[in-house]
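Residue numbers (the numbering used here): 1490 to 1798. Quick reminder that beta carbons are idealized off the backbone N, C-alpha and C, glycines included.
Put into structure tokens, the structure is as follows:
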């Protein structure tokens, strides 16, 4: 049986760091208020001349280097983003060119907002399991700072820019074990961008905590596992209160949860691969461990995936 394994991770954060104290100067808010409601202390904003594909390129190069492969070996690129460079061509095609990949393999974007990376990873896994690809680059990349409404103090302080990437390769050893994906368009008005981001925070919180714990339970049951069998939960980094509530429902202590929201803010589709790369590079995530990733985003979209490292 063919599986897909993550053989390299990479991430990139723009140089510009924006602290809560910086935001106090332009928004009616305070450092303490932001931290108490979200856990966020700072976030990164792209430079004026940086595009989503640029962030994706830096993260991808680091993942490719970590994987020990050449870019030419990649035969599929999927970029999860809700902030593409332009309407078309896709950010994935632009990234393919910037990486110098000339194989002619497919490259396309996936739009599931904050759930995008889980959706993209599952899609890549199916390509590999189906024999249509052997080496896949999956990227989550966002420049959300250009979608913020600076008159909305409840949302503009939450988001940041960044990119994370993983390289998947076909293997006889289990890697991506299984995943569950869901969507429900009835709730689309709770969190949207038209073109600026707006959100019903309280409703999103309640919805997120429920569906995240439910979808993780689905994946665990499919594999005959319990929460205690998970070594690391790597959640979408939206809000520390959502992360804590989800971990509690799963019976996981925060010592087993990778948390980067304080330094990154909510980077939408980039948040999971950013957090994953952080934990891989600092040595927390080790070979043989069970990793659970989960996310919920506007749409609503939500999903989870179980990974054997």
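Residue 1557 to residue 1753 span [Cα, whole Å]: 27 Å
Residue nearest to residue 1718 in terms of C-alpha spacing, selected from 1734, 1699 and 1739: 1739
Beta carbon of residue 1655 nearer than 7 Å to that of residue 1552: Contact annotation: residue 1655 and residue 1552 have beta-carbon atoms nearer than 7 Å.
Same chain only: Cβ atoms within 8 Å of residue 1574, ignoring 5 sequence neighbours per side: 1540, 1541, 1542, 1580 and 1583
Selection from 1768, 1742 and 1517 that minimises the alpha carbon distance to residue 1749: 1768
Distance, residue 1658 Cα to residue 1494 Cα: 5 Å
Assigned exposure category for residue 1576 - 16 Cβ within 10 Å defines buried: exposed
Within 7 Å, strictly: CB atoms of residue 1567 and residue 1599: yes
Proximity below 7 Å, CB of residue 1693 to CB of residue 1793: no
Cβ shell of residue 1641 (< 7 Å), same chain only, five flanking positions each side left out: 1687
Same chain only: Cβ atoms within 8 Å of residue 1536, ignoring 5 sequence neighbours per side: 1503, 1504 and 1505
Distance between residue 1732 and residue 1726 (C-alpha atoms, nearest Å): 7 Å
Inter-residue spacing [alpha-carbon to alpha-carbon] between residue 1620 and residue 1544: 30 Å
CA nearest to the CA of residue 1679, picked from 1669, 1690 and 1611: 1690
Distance CB(residue 1509)-CB(residue 1530) smaller than 7 Å: yes
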